[in-house]
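Protein chains in written order, with full-length UniProt numbering: chain F, 1 to 497; chain X, 1 to 98.
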């Protein structure tokens, strides 16, 4: 029998629908793979073996009864531990929520269950989604399946590593400054940040509410599109959810083409700090787009140079406010409550123990940026920069259909290399942040290995808000051309674990 | 732009309800100073006549009709409470003794 863990989500769904394999067999194969390799990778924080098998059995029974199955029925998925799951622990990678069992499902979790997607478990992440390396998890780092001594990207490192190590064909991430795309890039997988507001944030633990966006992670562009259609759409429980039809992303992924499209290359997405091999693969991708029939247009987006600075004021400001709910009163950790201390003191002691250094750093930074006397200079100015970035994108999309760039300036760096240098770590999200500030849709897909270190390089595609289908149309065309050139998907070159 | 002192970090920590240790205060003072130094370039647009953007979507308040609907039971809501008493969240004292 073929190794079920090597199949794409679309292939698995087709085989289950035709009765060639059962959902239980598929789930068991993935659970066995997790058992065999996750000790080395550490992609999962919690594996819900019984729940996954029960859901798989329900799919098989549905099929036996002759009921129609959804397009991803019975396909296993790894869920980032930032989404609440009723009856299953949810930690956000933090000690402050260790052992917390939510009494409700996030809207995204509910949609996955309703679509008969089999949730294998919860994946490792940087604490509260703050970080670009998954080294900030309170439960230990995740390794990159291409080289276990390197980071798998962050904050969704567990999700991307689960895909690249064939523990799951689908995963869910969240992208505040690049946490879906950056891990996808450094693990050789596909990650999509949908348009802001396209996927509900209800039940997704908030980090920076105006930037956070859940989205699909997969090994192929079509698989990402199939998952996108399951999770996207209006949710009355989220006031920032867009009440408009979801673009036809699956259709776009099935009809990849760049013929006649105008593709923008932004001058500001290059220069100092970019690894030579990353730029080489990116430039080859641009050449490929030209060969496939796209018109390449050089653009300048001058405000992008300030995007990183604006992000590291806006995100911490919103996080300092959002994380105020972790006050040790209603749920989560409580320490120091010996009967002599006030509620305020218990809160301060609990937060000191429950939060890790990166979370504390950002809460402090946000508290500073929002404090009286500094508000205008920092938070106020950052919001002006956000307007300028939005305008840069609007101008760009008057001239082109999509913008492309490298997803990350470098390939995966060694675990520990940037741990004590926050500014060096923050540079990992240099190319991904502008799309979060403006609310655009964006994708990362593999475009080759950097010659100097043999590690994956990501190509980023950015589309206007609500034009998510363009990402899939372009992404599918690039993927098809590159797979034909290599003779196989890039992940087949990853070392076996 | 002013440098961030240890005392200022201690003040921020109090505002943020974080009980930091002495060595953390020193560590964060240096790091926050570096980060603020690097992100301060946003102020290059400070005097420009640019409207601020706080959110990528035009936000409107969303209301629903005021109907009684099923919700969590008290037991479910209290299931993860660090402490409870008489079907309520039990919290440390909020007001002083006097």
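Backbone N, C-alpha and C fix where the C-beta goes; we use that ideal spot for every residue, glycine too. For clarity, every value in this text was computed on a predicted model and none was experimentally measured.
Contact check, residue i vs residue j, beta carbons under 8 angstroms
i	j	result
residue 123 of chain F	residue 171 of chain F	yes
residue 264 of chain F	residue 396 of chain F	yes
residue 404 of chain F	residue 461 of chain F	yes
residue 140 of chain F	residue 228 of chain F	no
residue 188 of chain F	residue 451 of chain F	no
residue 269 of chain F	residue 447 of chain F	no
residue 282 of chain F	residue 459 of chain F	yes
residue 498 of chain F	residue 46 of chain F	Past the boundaries of the shown model lies residue 498 of chain F; chain F is included only from 1 to 497, so the question cannot be answered.
residue 182 of chain F	residue 38 of chain F	no
residue 311 of chain F	residue 433 of chain F	yes
residue 46 of chain X	residue 477 of chain F	no
residue 209 of chain F	residue 318 of chain F	yes
residue 262 of chain F	residue 399 of chain F	yes
residue 97 of chain F	residue 332 of chain F	yes
residue 42 of chain X	residue 29 of chain F	no
Sheet register partners of residue i (DSSP bridge)
i	result
residue 166 of chain F	DSSP, once it has assigned bridges, lists no residue as partnering residue 166 of chain F.
residue 449 of chain F	F/456
residue 138 of chain F	Paired residues: none, contrary to the question.
residue 193 of chain F	F/442
residue 174 of chain F	F/214
residue 99 of chain F	None; residue 99 of chain F has no bridge partner.
residue 463 of chain F	F/441
residue 144 of chain F	F/147
residue 79 of chain F	F/122, F/172
residue 244 of chain F	Its beta-bridge partners do not exist; DSSP assigns none.
residue 408 of chain F	Per DSSP, none; premise fails for residue 408 of chain F.
residue 39 of chain X	DSSP output for residue 39 of chain X lists no bridge partner at all.
Sequence-distant residues of the same chain with beta carbon closer than 6 angstroms to residue i, five excluded per side
i	result
residue 334 of chain F	328, 350
residue 220 of chain F	8
residue 16 of chain F	23, 74
residue 285 of chain F	447, 459
residue 91 of chain X	none
residue 298 of chain F	265
residue 89 of chain X	81
8 angstroms contact criterion, which residue i and residue j should meet: CB distance rounded
i	j	result
residue 347 of chain F	residue 185 of chain F	Between residue 185 of chain F and residue 347 of chain F the Cβ distance is about 38 angstroms, and since that is not below 8 angstroms, they are no contact.
residue 161 of chain F	residue 152 of chain F	4 angstroms
residue 6 of chain X	residue 40 of chain X	About 20 angstroms; that fails the 8 angstroms criterion.
residue 94 of chain F	residue 128 of chain F	6 angstroms
residue 466 of chain F	residue 195 of chain F	5 angstroms
residue 69 of chain F	residue 226 of chain F	About 13 angstroms; that fails the 8 angstroms criterion.
residue 216 of chain F	residue 494 of chain F	Between residue 494 of chain F and residue 216 of chain F the Cβ distance is about 20 angstroms, and since that is not below 8 angstroms, they are no contact.
residue 294 of chain F	residue 246 of chain F	About 25 angstroms separates the two Cβ atoms, so there is no contact after all.
residue 70 of chain X	residue 87 of chain X	Residue 70 of chain X to residue 87 of chain X, Cβ: 18 angstroms. No contact.
Contacting residues, own chain, Cβ-Cβ under 7 angstroms from residue i (five flanking each side not counted)
i	result
residue 438 of chain F	389, 390, 393
residue 93 of chain X	none
residue 106 of chain F	83, 84, 202, 203, 204
residue 40 of chain F	143, 148, 497
residue 176 of chain F	129, 207, 208, 211, 212, 315, 436
Straight-line Cα distance separating residue j from residue i
i	j	result
residue 197 of chain F	residue 224 of chain F	18 angstroms
residue 20 of chain F	residue 14 of chain F	9 angstroms
residue 251 of chain F	residue 474 of chain F	12 angstroms
residue 423 of chain F	residue 316 of chain F	14 angstroms
residue 53 of chain X	residue 381 of chain F	10 angstroms
residue 117 of chain F	residue 468 of chain F	22 angstroms
residue 99 of chain F	residue 55 of chain X	33 angstroms
residue 44 of chain X	residue 367 of chain F	21 angstroms
residue 372 of chain F	residue 302 of chain F	30 angstroms
residue 26 of chain X	residue 425 of chain F	20 angstroms
residue 159 of chain F	residue 142 of chain F	10 angstroms
residue 149 of chain F	residue 164 of chain F	15 angstroms
residue 174 of chain F	residue 95 of chain X	40 angstroms
residue 3 of chain F	residue 27 of chain F	12 angstroms
residue 112 of chain F	residue 413 of chain F	33 angstroms
residue 323 of chain F	residue 484 of chain F	47 angstroms
residue 336 of chain F	residue 237 of chain F	36 angstroms
residue 353 of chain F	residue 4 of chain X	24 angstroms
residue 253 of chain F	residue 199 of chain F	19 angstroms
residue 255 of chain F	residue 479 of chain F	12 angstroms
residue 420 of chain F	residue 402 of chain F	36 angstroms
residue 131 of chain F	residue 66 of chain F	46 angstroms
residue 54 of chain F	residue 119 of chain F	10 angstroms
residue 362 of chain F	residue 15 of chain X	14 angstroms
residue 9 of chain X	residue 487 of chain F	56 angstroms
residue 33 of chain F	residue 88 of chain F	21 angstroms
Cut-off 8 angstroms between Cβ atoms - residues of its own chain near residue i, not counting five sequence neighbours on either side
i	result
residue 61 of chain X	none
residue 409 of chain F	273, 274, 275, 278, 427, 428, 430, 431
Cβ of residue i within 8 angstroms of any chain C Cβ
i	result
residue 367 of chain F	Absence of chain C from the displayed structure is noted, the protein chains being F and X.
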